[in-house]
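Protein sequences appear in the order of chains A and B.
Here our numbering is used: the first residue of the first sequence is 14, the next is one more, and so on.
Here our numbering is used: the first residue of the second sequence is 14, the next is one more, and so on.
Here is the structure we will look at, set down as structure tokens.
Protein chains: 2
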Amino acid sequence: MNPTRSRILKSAWSLLEEGGGNAVRMSDIAKAAKISRQALYLHFPNRAELLVATTKYIDEVHDIQDRLKASRNAATGEERLPLWIETWGNYIPTIYGVGKALIAMGEADEDATAAWTDRMAAVKHGCAAAIAALKADGRLTEALSETEAVDFLWTLLSVGNWAQLCQGCGWSQERYIEVTQRIARETLVRG
Amino acid sequence: MNPTRSRILKSAWSLLEEGGGNAVRMSDIAKAAKISRQALYLHFPNRAELLVATTKYIDEVHDIQDRLKASRNAATGEERLPLWIETWGNYIPTIYGVGKALIAMGEADEDATAAWTDRMAAVKHGCAAAIAALKADGRLTEALSETEAVDFLWTLLSVGNWAQLCQGCGWSQERYIEVTQRIARETLVRG
DNA sequence: TTGTCAACTTGACACAGTGTCAAGTAACTC
DNA sequence: GAGTTACTTGACACTGTGTCAAGTTGACAA
Chain A
14 MNPTRSRILK SAWSLLEEGG GNAVRMSDIA KAAKISRQAL YLHFPNRAEL
64 LVATTKYIDE VHDIQDRLKA SRNAATGEER LPLWIETWGN YIPTIYGVGK
114 ALIAMGEADE DATAAWTDRM AAVKHGCAAA IAALKADGRL TEALSETEAV
164 DFLWTLLSVG NWAQLCQGCG WSQERYIEVT QRIARETLVR G
Chain B
14 MNPTRSRILK SAWSLLEEGG GNAVRMSDIA KAAKISRQAL YLHFPNRAEL
64 LVATTKYIDE VHDIQDRLKA SRNAATGEER LPLWIETWGN YIPTIYGVGK
114 ALIAMGEADE DATAAWTDRM AAVKHGCAAA IAALKADGRL TEALSETEAV
164 DFLWTLLSVG NWAQLCQGCG WSQERYIEVT QRIARETLVR G
């Protein structure tokens with residue numbers, strides 16, 4: 014890949030990871046990438062697309078597809094559910110910074126919202142697959158419809174919840190995964 | 014109360030309720046209140062404090078203290094938990110607009126963040142009281158420490174989760190309350 | 001050697017939104 | 001009639017985004 018472009022993306026990523034969120038300005042990224050602010054616009058048309066490109070870059074670097082294999086290969090729905098939670102739950106800290114920035118742009122920029130909505134839709138698909146596997150085994154709770162179960166699991170696994178527990182309440186990443194897995198089992202698995 | 018001041022707060026509230034969130038500008042509020050933009054600054058020093066005042070105004074209008082009585086008077090922890098969830102859960106839609114705006118200001122403005130953090134701390138106290146009642150009855154789950162139980166309940170009841178389920182996934186308010194009550198019981202009540 | 005092209009730089013500017021300041025006005029009160 | 005309060009109008013500083021125009025620099029080619 015274009016070396017300047019990847020230097021920009023790396024800089025954006027590390028600045029966002031420091032928790033700046035929406036406070037990370039184009040000029041900050043430019044400075045970190047040792048480039049003029051205007052030169053950023055030679056590579057990305059605007060801030061939103063830079064952020065979107067940053068999430069894609071992070072996915073590439075971490076080979077997210079590979080990570081998902083483990084949970085897809087689970088034999089039963091009951092095994093798949095905690096594996097999926099572990100996989101996604103452990104990926105959250107990585108994309109938290111960019112996610113925060115994209116969410117913060119929110120209303121203001123449609124592209125940014127669309128990008129984040131897209132990514133969250135992908136997560137929802139992961140949830141749907143886990144729930145479907147559970148249902149196929151006849152182990153899905155009767156208390157919720159399949160759709161509702163997907164909605165709830167997706168909500169349970171939201172970036173906001175991770176941030177509140179791990180950043181706000183000081184939970185360790187391990188404890189977060191453990192507890193979330195237990196909650197999911199208790200509320201979604203029959204019996 | 015000062016009639017202009019309350020006209021401003023009403024205008025701010027209704028604009029925020031329409032879902033504008035951070036997109037609601039000072040000039041929009043001024044226009045809605047039929048006042049000049051500059052006159053807003055005669056009543057509120059800045060946007061953050063106007064938003065904060067708006068939340069307080071909403072609380073006053075809805076007499077939130079009164080609403081809380083029901084759950085406080087519950088005989089047992091097991092009764093108190095669903096009552097608390099119902100009370101707070103049904104209040105969320107009311108403050109959602111302002112909350113969204115305050116959250117969106119986030120990083121940018123310390124006052125705004127502080128104000129929202131304050132309000133969420135109050136909710137956490139409600140959660141803590143419910144959990145404490147449960148523990149006093151010896152009905153708190155063994156799987157979580159008391160602190161963890163409070164953190165989790167607080168997270169479960171977050172505005173973000175309500176928004177995701179009721180605004181994003183199209184759940185009805187009633188179903189949201191029902192399901193949340195069930196989840197809380199299954200994961201926090203022993204046996 | 002000269003020409004050209006791409007990547008980048010510097011500097012200026014338009015635009016939106018917040019917050020400030022100064023001067024003026026209209027009504028109500030003493 | 002003087003002063004006070006609540007408000008108005010208009011101008012302006014500041015921050016951050018995005019645009020534009022005119023250079024500079026280095027590499028590669030004829």
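Here a beta-carbon is modelled for each residue, glycine too, at the ideal position from N, C-alpha and C.
As the structure is a computational prediction, the values presented were derived from the model and not from experiment.
1. Of all Cβ atoms in chain B, is any one closer than 8 Å to the Cβ of residue 190/A?
2. Who are the Cβ neighbours of residue 39/B in its own chain at under 7 Å, not counting the five residues just before and after it?
3. What three-state label does DSSP hand residue 157/A in the structure shown?
4. For the region 83-113 of chain A, which residues have a beta carbon sitting closer than 8 Å to at least one beta carbon of chain B?
5. Shortest alpha-carbon distance to residue 74/A belongs to which of 14/A, 125/A, 122/A, 87/A?
6. Can you tell me where the alpha helix (DSSP H) holding residue 26/B begins and where it ends?
7. For residue 38/A, which residues in chain B fall below 8 Å Cβ to Cβ?
8. If I measure Cβ to Cβ from residue 30/B and keep anything under 7 Å in the same chain, skipping five residues before and after, which residues do I get?
9. In whole angstroms, what separates the C-alpha of residue 63/B from that of residue 85/A?
10. Can you give the Cα-Cα distance for residue 203/A and residue 80/B, rounded to whole angstroms?
11. Note the first and the last residue of the continuous alpha helix (DSSP H) segment covering residue 48/A.
12. Note down, in chain order, every chain A residue with its Cβ under 9 Å from the Cβ of residue 68/B.
13. Looking at the structure shown, is residue 202/A part of a helix, part of a strand, or coil, going by DSSP?
14. What residues in its chain sit with their C-beta under 7 Å from that of residue 122/A, if we drop five residues either side in the sequence?
15. May I have the straight-line CA-CA distance separating residue 56/A from residue 18/A, to the nearest angstrom?
16. Using the rule of at least 16 other Cβ atoms within 10 Å of the residue's Cβ for burial, across every protein chain shown, is residue 58/B buried or exposed?
17. Since I believe residue 140/A is in contact with residue 166/A (beta carbons under 8 Å), could you give me their beta-carbon distance rounded to a whole number of angstroms?
According to the structure shown:
1. Here residue 190/A corresponds to residue number 177 of the first sequence, with the count starting at 1. For residue 190/A, the answer is no, since every Cβ of chain B falls outside 8 Å of its Cβ.
2. In the second sequence, residue 39/B corresponds to position 26, counting from 1. Contacts found: 50, 53, 60.
3. One-based indexing of the first sequence puts residue 157/A at position 144. The three-state reading of DSSP puts residue 157/A in coil, since its state is none of H, G, I, E or B.
4. Listed by position along the chain: nothing, the set is empty.
5. One-based indexing of the first sequence puts residue 74/A at position 61. When 14/A, 125/A, 122/A, 87/A are compared, the shortest CA-CA separation from residue 74/A is found for 14/A.
6. Start at 1 with the first residue of the second sequence, and residue 26/B comes out as number 13. Segment 16-28, the alpha helix (DSSP H) holding residue 26/B.
7. Here residue 38/A refers to the residue found at position 25 when the first sequence is read from its first residue. For residue 38/A, none of the residues of chain B pass the 8 Å Cβ criterion, the least Cβ distance being about 12 Å.
8. Mapped onto the second sequence, residue 30/B falls at position 17. So the qualifying residues of the chain are 110.
9. Sequence index remark: in the second sequence, residue 63/B carries index 50 (1-based). Sequence index remark: in the first sequence, residue 85/A carries index 72 (1-based). The straight-line gap from Cα to Cα measures roughly 50 Å.
10. Numbered from its first residue, the first sequence carries residue 203/A at position 190. Numbered from its first residue, the second sequence carries residue 80/B at position 67. Cα-Cα distance, rounded: 35 Å.
11. Position 35 of the first sequence, counted from the start, is the residue given in the question as residue 48/A. Boundaries for residue 48/A: no alpha helix (DSSP H) harbours it, and the DSSP string shows neither H nor E there.
12. Start at 1 with the first residue of the second sequence, and residue 68/B comes out as number 55. Going along chain A, no residue has its Cβ under 9 Å from residue 68/B, so there is no contact; the nearest lies around 19 Å.
13. Here the question's residue 202/A lines up with position 189 in the first sequence. Three-state DSSP puts residue 202/A in a strand.
14. Within the first sequence, residue 122/A is the residue found at index 109, counting from 1. Short of 7 Å from the beta carbon of residue 122/A, and not among the five residues preceding or following it, lie these beta carbons of its own chain, in chain order: 61.
15. One-based indexing of the first sequence puts residue 56/A at position 43. One-based indexing of the first sequence puts residue 18/A at position 5. Their Cα atoms are separated by approximately 7 Å.
16. As a first step, residue 58/B must be located in the second sequence, where it is residue number 45. Exposed, because fewer than 16 other Cβ atoms sit within 10 Å of the Cβ of residue 58/B.
17. Walking along the first sequence from the start, residue 166/A turns up at place 153. Walking along the first sequence from the start, residue 140/A turns up at place 127. Taking 8 Å as the upper bound for CB-CB distance, residue 166/A and residue 140/A are in contact here, some 4 Å apart.
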